[in-house]
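Worksheet: one structure, shown below.
2 protein chains.
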Amino acid sequence: MELIQIYQCLCDPTRLRILHLLAQTPLCVCHFQEILDEPQVKISKHLAYLRERGMVVAEREQNWMIYSLPKKRDAELTANLKCLQDCVQADPVFKRDLRMLAKVSAKSDAPAGALVR
Amino acid sequence: MELIQIYQCLCDPTRLRILHLLAQTPLCVCHFQEILDEPQVKISKHLAYLRERGMVVAEREQNWMIYSLPKKRDAELTANLKCLQDCVQADPVFKRDLRMLAKVSAKSDAPAGALVR
DNA sequence: AGAGCATATACCCGCACAGGAATACGTCAA
DNA sequence: TTGACGTATTCCTGTGCGGGTATATGCTCT
């Protein structure tokens, strides 16, 4: 019953914010640090948690690790990510994250693989 | 951020099965015991967990406690319950639960408030 | 080789929760 | 009132996770 794993990934606020951002674009760890305003350890550990459960994939690009949603997603993951997007529309925290993403994206001192639009 | 609470409720297999069943019909604790084949304590504690977080409501009918989904559900809960239903269609455990529900329902030694169709 | 950057891991603590055993509570019937 | 039944709660144990500090790893440039 791997649906459980999906819900386990979704039941932490930081991970929710991470997944919400990844639904927009691939990002590297330092982007998350800046957008979420959380310490590096915290981000990194939540990403490891998500990676171990196949919710995100990571790819190294020089110094940076680019995280993204897996290209091949099974139905459960797809459905739940969509549901998350729907639920989150009005929430100030998530809206703020999107604004911060735009700001970071504008600076564009990013590795080539991240922040693709 | 109460979305989190929803996901926290969904991240246990027993609770998933309970909610899936309640999406069909109100049920009392002894029904869950029989359908899920789990001890009374376990069922009761998971129901308490769900109740504290507003995912289910309980109503006493003589000796029995009838559990059901709240009539008034906010958008997040509705969306996620629907998503759960979709994700669960093919899963053998959940399909088996539905068959057991039908069986229990057929016996119909149930309190009037539960097993309404 | 060394420094500097980006990221990951190890170790620690505290807490919440899953699960079981035993017991308490609420309701009804005799 | 007593007993039976359905359900809830208390107490206990083990485990997993969130968070922080410190340190390790990997890559790049000099």
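Protein chains in written order, with the working numbering: chain A, 105 to 221; chain B, 105 to 221.
The beta-carbon is built from N, C-alpha and C at its ideal position, and this holds for glycine as well.
At a cut-off of 8 angstroms between C-beta atoms, B/Q137 does not count as an interface residue with respect to chain A.
Between A/A127 and A/L185, the C-beta spacing is below 8 angstroms. Within the DSSP secondary-structure output, B/S172 pairs in a beta bridge with B/V161. Under the three-state reduction of DSSP output, B/C134 falls in the helix class. Non-local beta-carbon contacts of B/M204 in its own chain, meaning distances under 6 angstroms to residues more than five positions away in sequence, involve I139 in chain order. A/P117 sits in a helix when the DSSP states are folded into three classes.
Beyond the five residues adjoining it in sequence on each side, B/R157 comes within less than 7 angstroms, by CB distance, of Q109 and C113 in the same chain, given in chain order. Secondary structure at B/Q193: coil, using DSSP grouped into helix, strand and coil.
For A/E142, the closest C-alpha among the options A/P117, A/E165 and A/A183 is that of A/P117. Considering only beta carbons, the part of the segment 113-124 of chain A lying closer than 8 angstroms to chain B consists of L114, C115, D116, P117 and L120, in chain order. Within chain B, A179, E180 and A183 have C-beta atoms less than 9 angstroms from the C-beta of A/D190, given in sequence order. Not a single C-beta of chain A is nearer than 8 angstroms to the C-beta of B/Y153. Neighbours of B/I170 in chain A, taken as residues at a C-beta separation under 7 angstroms, are lacking, since the least C-beta distance is about 26 angstroms. Around the beta carbon of A/P130, 16 or more other beta carbons lie within 10 angstroms, which makes this residue buried.
With respect to the 8 angstroms criterion, A/V192 and A/H124 are classified as neighbours on the basis of their beta carbons. In this structure, A/I122 and A/L173 do not form a Cβ contact; the two beta carbons are roughly 10 angstroms apart against a cut-off of 8 angstroms. Distance check between A/E165 and each of A/K207, A/R119 and A/V133 places A/V133 closest, using alpha-carbon atoms only. Shortest Cα-Cα distance from A/F136 to any of A/A179, A/I170 and A/D178 involves A/I170. C-alpha of A/L188 to C-alpha of A/R119: approximately 12 angstroms in a straight line. In the three-state scheme derived from DSSP, where H, G and I count as helix and E and B as strand, A/D201 is classed as helix. B/C132 has a beta carbon lying at 8 angstroms or more from every beta carbon in chain A.
With a 10 Å radius around the Cβ and a threshold of 16 neighbouring Cβ atoms, B/V197 comes out exposed.
In summary, B/V160 is buried, with 16 or more beta-carbon neighbours lying within 10 Å of its beta-carbon over all protein chains present.
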